[in-house]
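Worksheet: the structure to be examined is printed underneath.
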Amino acid sequence: MALIRRSFAFAFMIAVCTAPAFAQAKYEPPRTAEGKPDLQGVWSTATATPMERPRGYPLVLSREQAAQIEDGTLFNQRMKTESNYVDPNEGAPQKGRALPPVGNYDVAYTDPGSRMTSIGGELRSSWVVFPVDGRIPALTPEGVKLRDASPRQRGTGYDNPEERGLGERCVLMSGGPPLRSGLYNNNVQIVQTPEHVMLMVEMVHDVRVARIGGERRGDGVEQWMGDPVARWEGDTLVIETRNMHPDQRADRVVLSASSRITERFTRISDRQMLYQFEVDDPVTYAGVWRGETALNRLDEQMYEYACHEGNYGLFNILSGGRENDRDGIGNADSLNRTE
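In structure tokens:
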């Protein structure tokens, strides 16, 4: 009997951790000709909710708590200053007085999200819902090695393009998995057929195509955004991805070659889709971690993202490296150079 009680308690704990953390009424989604939920359209991941939970906050926030976090985001702070450079009643700016910081991207050109994510009426403090503290588990010693070898960590060299980060080279940005929210272009377009589902992220126009009910590649090729295979579980589309490119595995979300990322897409209203993911990688992390957010429906279409840095930025960066060589300045010294 004690064994049965322990087994029941364990099963209950798993159910609580894997189920959505909110109660929702049964929603009947629009369906394709094959009877599957129609997930197609353009959806936004833009949000002020961070991936990890700020310490001291619960998962579900009050409106006052949400406002505290929102007011503290860099985007919202810059919106207040950059939209009001000069008070017309004050006259010309005082000579010598510093203007508000502008940064390299004016807020008019960015859209990271100014409000916390709301799922089923709940204001969320983090994407991460497990572990229950909302924090990504610590890296293992091997995970630390992978992180330190990443292109983002290596992106301080000037001898060749491979020493720069993937985003700076306009190779890959936020295509996932898992999906994330960034500085701007937080839009993903979903197209589905009976055999495939395509996710195209606007940022650097990254595209994933998952085979529904298909077999995983047998050649072991590690490709950008991995090898995704999808299946339907009721009205939820599940995508399981393995075999990601080594450089991507050590980029924004550190992963090992044996990592497995499972994503779940469930429409919960006409304007929202619940997005859940699980990162299972015991080589890299001290434990499994899970997250979720709401994808909000957009009525606009997506346009081509043309990466300007890919036109001139990389050439100029490497040219600057050659100038440093001529001046006898090393890479590390150039990072502290002020002239």
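In terms of the numbering used here, the sequence shown opens at residue 10 and continues consecutively. Each residue gets a CB set at the ideal place from its N, CA and C atoms; glycine is no exception.
Review point. Does any CB atom of chain B fall closer than 8 Å to the CB of S135?
Key: Reference to chain B is not applicable here, since this structure consists of a single protein chain.
Check your understanding: When the distance is taken between beta carbons, is M234 closer than 8 Å to D256?
Key -> no
Point to revise | Three-way DSSP call (helix, strand, coil) for A117 in this model | key: helix
Point to revise | Nearest-angstrom Cβ-Cβ length linking A243 and N195, presumed shorter than 8 Å | key: What sits at residue 243 in the sequence shown is Gly, not Ala. Between N195 and G243 the Cβ distance is about 28 Å, and since that is not below 8 Å, they are no contact.
Check your understanding: What residue does the beta strand (DSSP E) around A75 start on, and which one ends it?
Key -> Element bounds for A75: not the beta strand (DSSP E) but the alpha helix (DSSP H), R72 to G81.
Exercise for review: Taking the CB atoms as reference points, tell me whether L264 and I128 lie closer together than 8 Å.
Suggested key: no
Check your understanding: Looking at the structure shown, is R87 part of a helix, part of a strand, or coil, going by DSSP?
Key -> helix
Check your understanding: Just the Cα atoms here: how many angstroms apart are R299 and P140?
Key -> 7 Å
Exercise for review: Return the CA-CA distance between A219 and R273, expressed in angstroms with no decimal places.
Suggested key: 13 Å
Review point. Who pairs with Q49 in a beta bridge, going by DSSP?
Key: Per DSSP, none; premise fails for Q49.
Check your understanding: Shortest alpha-carbon distance to I248 belongs to which of Q201, R331 and G229?
Key -> Q201
Exercise for review: Kindly list the residues whose CB is nearer than 6 Å to the CB of D301, restricted to its own chain and excluding five residues on each side of it in sequence; keep chain order.
Suggested key: Asp is not the amino acid found at residue 301; the sequence shown has Glu there. Contacts found: V138 and Q285.
Review point. By the 10 Å Cβ neighbour count, where 16 or more other Cβ atoms means buried, how is T58 classified, buried or exposed?
Key: buried
Check your understanding: So what does DSSP say about G339, is it helix, strand or coil?
Key -> coil
Check your understanding: When burial is assigned at 16 or more other CB atoms within 10 Å of the CB, is S134 buried or exposed?
Key -> buried
**Study point:** Residues bridged to W241 (per DSSP)
**Key:** L246
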